[in-house]
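Engineer: Here you go, one structure.
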Amino acid sequence: MLFFCQLFFRFGKHTTTTSQGKPRFLYTFFTNDFILPSFYGNFAALIRPMLQVQEIRNAFDDISSRLAKRGKRFDQELNDVVALDDKRKHTQTELDSLLASLNAISKEIGDCFKAGKRDEAEALKAKTVEIKEQTKQLESELREAIDALTDALTQIPNAPHDSVPTGKTPEENEIILSHGSEPSLTTNKPHWELCEQYDLIDFELGVKVTGAGFPVYKGKGARLQRALINFFLDEGLKQGYNEIQPPIFINEASGFGTGQLPDKEGQMYHMTVDNLFAIPTAEVPLTNLYRDVIVNKDDFPIKNMGYTPCFRREAGSYGKDVRGLNRLHQFDKVEIIQITHPDESYKTLEEMSLYVQSLLQKLGLHYRVLRLCGGDMGFTSALTYDMEVYSAAQEKWLEVSSVSCFETFQSNRLKLRFKNDDGKMQYAHTLNGSALALPRIVAALLENNQTDSGIEMPEVLRPYLGFDRID
RNA sequence: GGAGAAGUGGCAGAGUGGUCGAAUGCACUUGUCUUGAAAACAAGCGAGGGUCACACCUCCGGGGGUUCGAAUCCCUCCUUCUCCGCCA
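Just so you know, the working numbering puts 205 at position 205 of the first sequence, and the rest follows in order with no gaps.
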């Protein structure tokens, strides 16, 4: 934890803005040494990770009760934050006044020299010695105070939306709708058997080349992948999403921006030689395009999407859940993100949920939508809908998409802001969702459409596929 | 990988030890003028902390140092650009 705190502290001041919402890329963040920077230069970045201190102070009870939806109370943590922020303020005020007097004396000395009063100047110089000692002391105190505050703040997850059900486990998620019905099948093989039977995906070969969880797609299996990616991108285009091809490796700063670091560092593949991480989702680069950006409020909503392979170490998972396509180290996904005005974000979340559902409907899949309970939601989310498709052969629901609203939780770290109608800087809201992740869609398509003589492909995919069925 | 050059406000671009948070231009906002627009003119216009509001404090790529005082001097790191090499 300490390690990553130090990393986090090395955010610099890199304000920039955009015209027409186009981000600028600034990569002057980190150095290879581990010395903490001067607190002042980085103050803004330091004091504003995750939940906003100001928000905690202003709406303590509200945030407290929202956090309780996660099945645990955070009052102690919240109180700590306020107390640590008080300490920070006191220390800083003290230091500031000391610096003010130092500045005043320096100016006086300058004036004395100009007026030729050498002796007077020397006398004043002597006065600064003691003050400088004191500032050094206070500087280190302030540094410690900020350190402690940031540490406390990063322990607190996002405050769930009012509509989020209280709960700790997936059983407490709320099923808000179900669409379609279970297919009636004459044959009922799991997808890994179908993949072998029709030579679509070779898991063994992947093991040989790389390792478990890195499948090799072959023939119509590979073409199905390509068709789905194109289908998803074309549909997104129709919805007004701007297509982006981001890098699939990211630096540390990006990992912090979207909250993968420091929490999920073990989940990412890390290339230590160059200190880069393979992205676990396109969310990371797509959202980080807007790090340190002041967007024009007229550009809301900003809608971007990107197809990328995703890489996840999935350390610690094993057993039946990882069979076949259910859990992979490398998989493909089209991700959609939006950046909105705070007033619009929940309306946007519904819109994104409907869009993802429309994809599932076009693919003819039986699905349901869950509103995740507080305890099952990600650390950074305020409200998450999960879409699950039914796998007839495995007789279970598979999560294929997750759409979330983060409110200001990410933008706070990213320093993604806009100037509101009052001319004040305000954090934008960020949202994202998968639209969609391929593997489980492929699994469901294969299993739910199997017949004795082959696998029928959905109508919408046929133009992309160039074939109607797999046999 | 080797050799050079450079990193200042939304952009361009001055500024080499003290009235510099930073000239000037562009962009932007508001006002005057105009039927309207343009042009012209006038004013405003970086971010963060702090305050009821001021005051005040911090930030000129990051970090460290010299100095009473640093955008300006020194060290170091990072990044970008140009040339060479290698290569899809």
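Where is the CB? At the ideal position from N, CA and C, for every residue including glycine.
Count the other C-beta atoms from every protein chain shown that fall within 10 angstroms of the C-beta of N474, then say buried if there are 16 or more, exposed otherwise.
Structural biologist: Within the shown structure, residues of the chain are numbered from 1 to 471, placing residue 474 beyond reach of any answer.
Engineer: Let me know the secondary structure DSSP gives Q245 once reduced to three states.
Structural biologist: Of the three classes helix, strand and coil, the one that applies to Q245 here is coil, per DSSP.
Engineer: When we look at the beta-carbon of R312 and count the other beta-carbons within 10 Å, is it buried (16 or more) or exposed?
Structural biologist: Label assigned to R312: buried.
Engineer: Would you call the stretch 346 to 357 in contact with the stretch 431 to 440, where contact means no fewer than 3 C-beta pairs closer than 8 Å?
Structural biologist: Contact holds: three or more Cβ-Cβ distances are below 8 Å.
Engineer: Would you report the Cα separation of N58 and C405, rounded to the nearest angstrom?
Structural biologist: Distance between the alpha carbons of N58 and C405: 22 Å.
Engineer: Work out the CA separation of R70 and F25 for me, nearest whole Å.
Structural biologist: Reliability of the predicted coordinates at F25 is poor, the pLDDT of 26 falling under 50, and the value obtained from them is presented with this limitation in mind. C-alpha separation (whole angstroms): 36 Å.
Engineer: Pull up the distance between the alpha-carbon of R291 and that of K303, whole angstroms please.
Structural biologist: Straight-line Cα distance between these residues: approximately 16 Å.
Engineer: So for V273, helix, strand or coil by DSSP?
Structural biologist: V273: coil per DSSP, three-state reduction.
Engineer: Does DSSP put Y427 in a helix, a strand or coil?
Structural biologist: In this structure, Y427 counts as strand in the three-state DSSP scheme.
Engineer: Compute the Euclidean distance between the alpha carbons of F467 and V369, then round it to the nearest angstrom.
Structural biologist: Their backbone Cα atoms lie some 31 Å apart in a straight line.
Engineer: Measuring alpha carbon to alpha carbon, tell me which of L446, P342 and F113 ends up nearest Y198.
Structural biologist: The residue with the shortest Cα to Cα distance from Y198 is L446.
Engineer: Which runs of the alpha helix (DSSP H), 4 residues or longer, sit entirely within the stretch 343 to 423?
Structural biologist: Runs found: 345 to 362 and 409 to 414.
Engineer: Return the bridge partner residues of D332 from the DSSP annotation.
Structural biologist: The partner list for D332 (beta bridge, DSSP) reads P309.
Engineer: Shortest alpha-carbon distance to P342 belongs to which of Q426, Q330, L153 and Y269?
Structural biologist: Nearest C-alpha to P342: Q426.
Engineer: Once DSSP output is grouped into helix, strand and coil, what is the label at R469?
Structural biologist: The answer is strand: DSSP assigns R469 an E or B state.
Engineer: From F300 to Y307, what distance separates their C-alpha atoms?
Structural biologist: Using only the alpha carbons, I get a separation of about 22 Å.
Engineer: Is it true that the stretch 154 to 164 meets the stretch 61 to 76, where meeting means three or more beta-carbon pairs spaced less than 8 Å apart?
Structural biologist: Contact holds: three or more Cβ-Cβ distances are below 8 Å.
Engineer: Would you say L465 and L224 are within 8 Å of each other, going by their C-beta atoms?
Structural biologist: The answer is yes: Cβ separation under 8 Å.
Engineer: Closer than 7 Å to a non-hydrogen atom of the ligand ZN - does that hold for the CB of N304?
Structural biologist: You won't find the ligand ZN in this model; it holds no ligand whatsoever.
Engineer: Just the Cα atoms here: how many angstroms apart are V442 and E204?
Structural biologist: C-alpha separation (whole angstroms): 18 Å.
Engineer: For A44, does the count of other Cβ atoms within 10 angstroms reach 16, so buried, or fall short, so exposed?
Structural biologist: Here A44 scores only 29 on pLDDT, less than 50, and its place in the model should not be relied on; the value that follows carries that caveat. A44 comes out exposed.
Engineer: Would a C-beta distance cut-off of 8 Å place T128 and L102 closer than the cut-off?
Structural biologist: Result yes, Cβ atoms of T128 and L102 sit closer than 8 Å.
Engineer: Apart from the five residues on each side of it in sequence, which residues of its chain come closer than 7 Å, Cβ to Cβ, to T451?
Structural biologist: Contacts found: T186 and T187.
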